[in-house]
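Enquirer: Its first residue numbered 199, the sequence shown is counted upward by one per residue in our numbering.
The structure follows.
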Amino acid sequence: MINCICIDDSNRPLEIPASKWPIKDKEYHITWIYFHAGQNISGVDLAEFKLDENNMPFRSYKLERFAIQKKDLKALLELMKICSTKIDINKAIEEQIEIVEN
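Following this line, the structure appears as structure tokens:
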């Protein structure tokens, strides 16, 4: 699991109840990363919430809603490798992951 902090809790879709929605400035744990066919990160699973068929079409949370602390970056990269063997990790980091100092 990768520690992350919610930095954007705006625009909650109606399909996802407030009880399954991350709250800004709270810490959560990424358990899986999903990729689009073009190898862009499309979403993440969180240990604290389980989205299911009742939340369709949403199956994961946007990674852009979360920041990763610098100390957790190595663990995030390892999880990315497990989740997809074809990703350009440097590109994903530059485009989609906010890293915060702590």
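Don't be surprised by glycine CBs; every beta carbon is placed ideally from N, CA and C.
Remember, predicted model here, so these are calculated numbers, not experimental data.
Please confirm whether residue 277 and residue 200 have their CB atoms less than 8 angstroms apart.
Expert: yes
Enquirer: By the three-class DSSP mapping on this structure, what secondary structure does residue 214 have?
Expert: coil
Enquirer: Does the stretch 241-251 come within contact of the stretch 222-231, defined as at least 3 CB pairs closer than 8 angstroms?
Expert: yes
Enquirer: CB of residue 225 to nearest heavy atom of the ligand MN: below 7 angstroms?
Expert: By its list of ligands, the structure shown contains no ligand whatsoever, and the ligand MN lies outside what it can speak to.
Enquirer: For residue 246, name the three-state secondary structure that DSSP assigns.
Expert: coil
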